[in-house]
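Heads up: the structure comes next, in structure tokens.
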Amino acid sequence: MAEDKERKVLGIISEFANIGAGSAATALSHLLDVDLMNDVTTCEILPLSKVADWLGGGNQIVAGTYTYLCGELKSGILVVLPQDSAVSLLNHLTKAEIDLSSLTELQKSALREVGNICLCWYLIAVSRMIDIDMIPAPPDATVDYLGAVLNVPLATLGAKVDTVIAVHTSFKALDRQFDGYFLMLPEESTLNIILERMGEHCK
Amino acid sequence: MNDLTVVGIAQLAVSRPPSRLACLGLGSCVAIILYDPVVKLGGIVHVLLPKAPNHYDQAEKYADTGTKKLVDEMIKEGAIKARIFARLVGGAEMFKAVNLAISNIGRDNIFEARKVLHQNSIRIMAEETAGKRGRSVYFDLDIGKVTVQTAFGGEKII
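Protein sequence lines correspond, in order, to chains D and Y.
With the first letter of the first sequence counted as 1, position 73 gets the number 58 in my numbering; the numbers rise by one all the way through.
Counting from 1 along the second sequence, just add 7 to a position and that's the residue number in my numbering.
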């Protein structure tokens, strides 16, 4: 029975994540002004401590954008781009050679904006679906070790959060493959609200 | 790279040569590194939060209880308190704009660790703390060398 329930929850969450990721991809394709083919979106529910391994180890360098919801729903949100995907995106946006170790203010701002747009459109899609407003705080972006990026949600939410809705999406654009990870870290009460509302939606 | 033990979040390790200890990807987390050069005994605790609540699950998760436990473990393994010295690494502020609304956990972690070390009369030899960059740290127990790396190749020995 427990397994059955788990599978059902994963099904509901996958639906939730897919619609969000689709919306984020559309927004990104407008921002970049290119056609974008969404390839695969996979979704997992993970304990917080397993996230670094799922993403391929804490010692790799990634671009992360972090914010949290401050409305009725409480959740941390982290958009993670692997190094090569971040470089290609910034390269296309700013039309300049990108060195992640010494980003200019403009490039940093562009990175923050990419993360911001992706996460906001994800939130818009899912909040329409469950009919609850989600209000994100202004996000911030950084390029650093994955482990260090994950420290922040771990430390600020660690006491209240144990479940992470982790979405991996890959898409084709500009003649290459991009990867993006979208991590939602809801407090337990928020996760229950989402499941409840999505349950109704699925009926 | 033999005998490298990675000390994860909320973990503690005390060891002797030839093994080496490491903490990978420290953000606001702090690694408290103790070493007794005479018996070549070294230990690391990788803490996440500054202060333990009244009913805490793991002592190693918090800077105050974690540091205390590391000192006790070192002494149990044969170190002498007067010979132990400490080094602190980590406690960065990763997302500054977001942190405006929350408190600076990295800074609080360092502060709590310093306080406990001071209460135990343990010297802090070096610190590689605060700032905005994440760090990885490698601890060679044979000569007590601590190497701190930042993303994009910055390396420093403390």
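Backbone N, C-alpha and C define an ideal beta-carbon position, used for all residues, glycine too.
The structure presented is a predicted model; accordingly, all values stated were derived computationally and were not measured.
Assigned secondary structure, residue i (DSSP; H/G/I helix, E/B strand, else coil)
i, result
"residue 149 (chain Y)", "coil"
"residue 89 (chain D)", "coil"
"residue 70 (chain D)", "helix"
"residue 83 (chain Y)", "helix"
"residue 235 (chain D)", "The displayed coordinates of chain D run from -14 to 188. Any statement about residue 235 (chain D) would go beyond what the structure contains."
"residue 129 (chain Y)", "coil"
"residue 57 (chain Y)", "coil"
"residue 164 (chain Y)", "strand"
"residue 10 (chain Y)", "coil"
"residue 28 (chain D)", "strand"
"residue 89 (chain Y)", "helix"
"residue 138 (chain D)", "helix"
"residue 83 (chain D)", "coil"
"residue 157 (chain Y)", "strand"
"residue 101 (chain Y)", "coil"
"residue 169 (chain D)", "strand"
"residue 140 (chain Y)", "coil"
"residue 164 (chain D)", "strand"
"residue 183 (chain D)", "helix"
"residue 22 (chain D)", "strand"
"residue 55 (chain D)", "coil"
"residue 17 (chain Y)", "coil"
"residue 94 (chain Y)", "strand"
"residue 189 (chain D)", "The structure shown has nothing for residue 189 (chain D), since chain D only spans -14 to 188."
Neighbouring residues, chain Y, relative to residue i (Cβ below 9 Å)
i, result
"residue 54 (chain D)", "Near residue 54 (chain D) there are no residues of chain Y at all, since even the closest Cβ is about 12 Å away, more than 9 Å."
CB contact below 8 Å: residue i versus chain D
i, result
"residue 153 (chain Y)", "no"
"residue 28 (chain Y)", "no"
"residue 141 (chain Y)", "yes"
"residue 117 (chain Y)", "no"
"residue 19 (chain Y)", "no"
"residue 112 (chain Y)", "yes"
"residue 48 (chain Y)", "no"
"residue 11 (chain Y)", "no"
"residue 35 (chain Y)", "yes"
"residue 82 (chain Y)", "no"
"residue 16 (chain Y)", "yes"
Contacts that residue i makes with chain Y (C-beta to C-beta distance below 7 Å)
i, result
"residue 86 (chain D)", "159"
"residue 43 (chain D)", "31 and 32"
Below-8 Å beta-carbon distance, residue i vs any chain Y residue
i, result
"residue 127 (chain D)", "yes"
"residue 184 (chain D)", "no"
8 Å contact criterion, which residue i and residue j should meet: CB distance rounded
i, j, result
"residue 74 (chain D)", "residue 47 (chain D)", "Wrong, their Cβ atoms sit about 13 Å apart, outside the cutoff."
"residue 55 (chain Y)", "residue 29 (chain Y)", "In fact, because the Cβ distance is near 17 Å, the residues do not count as touching under 8 Å."
"residue 91 (chain Y)", "residue 129 (chain Y)", "5 Å"
"residue 137 (chain D)", "residue 34 (chain Y)", "6 Å"
"residue 139 (chain Y)", "residue 99 (chain Y)", "6 Å"
"residue 51 (chain Y)", "residue 141 (chain D)", "Contact doesn't hold; Cβ gap of about 23 Å is too wide."
"residue 85 (chain Y)", "residue 124 (chain Y)", "That pair is no contact at about 20 Å."
"residue 66 (chain Y)", "residue 95 (chain Y)", "With a Cβ gap of about 18 Å, residue 66 (chain Y) and residue 95 (chain Y) do not count as contacting."
"residue 92 (chain D)", "residue 83 (chain D)", "7 Å"
"residue -5 (chain D)", "residue 178 (chain D)", "Incorrect: roughly 17 Å between the Cβ atoms, too far for contact."
"residue 65 (chain D)", "residue 49 (chain D)", "5 Å"
"residue 126 (chain D)", "residue 96 (chain D)", "5 Å"
Residue i: contacting residues in chain D (beta-carbon distance under 8 Å)
i, result
"residue 39 (chain Y)", "Ordered by position in chain D, no residue passes the 8 Å Cβ test against residue 39 (chain Y), which lies about 16 Å from the chain."
Neighbouring residues, chain Y, relative to residue i (Cβ below 8 Å)
i, result
"residue 131 (chain D)", "32"
"residue 46 (chain D)", "158 and 159"
Under 7 Å by beta carbon: chain D residues contacting residue i
i, result
"residue 51 (chain Y)", "By Cβ distance, chain D contributes nothing, its closest Cβ being about 15 Å from residue 51 (chain Y), past 7 Å."
Contacts of residue i in chain D (Cβ-Cβ under 9 Å)
i, result
"residue 99 (chain Y)", "129, 133 and 136"
"residue 95 (chain Y)", "Result: empty, since nearest Cβ-Cβ is about 16 Å, beyond 9 Å."
"residue 55 (chain Y)", "136, 139, 140 and 143"
- Item | Meets three-Cβ-pair contact criterion under 8 Å: the segment 0 to 8 of chain D and the segment 101 to 111 of chain D | yes
- Task: Determine, using beta-carbon pairs with one atom in the segment 126 to 133 of chain D and one in the segment 145 to 153 of chain Y, whether at least three such pairs fall under 8 Å.
- Result: no
- Message: Taking 8 Å as the cut-off, does the segment 12 to 26 of chain D touch the segment 144 to 151 of chain D (at least 3 CB pairs, one atom from each stretch)?
- Response: no
- Please name the residues in the segment 133 to 144 of chain D whose beta-carbon is closer than 7 Å to at least one beta-carbon of chain C, in chain order. Among the protein chains in the structure shown, which are D and Y, there is no chain C.
- Message: Within 8 Å, do at least three Cβ pairs link the segment 35 to 49 of chain Y to the segment 58 to 67 of chain Y?
- Response: no
- Query: How about the segment 22 to 36 of chain D and the segment 155 to 170 of chain D: do they share at least three Cβ pairs that are nearer than 8 Å?
  - Reply: yes
- If we count Cβ pairs, one from each stretch, closer than 8 Å, do we get three or more for the segment 117 to 129 of chain D versus the segment 49 to 61 of chain D? yes
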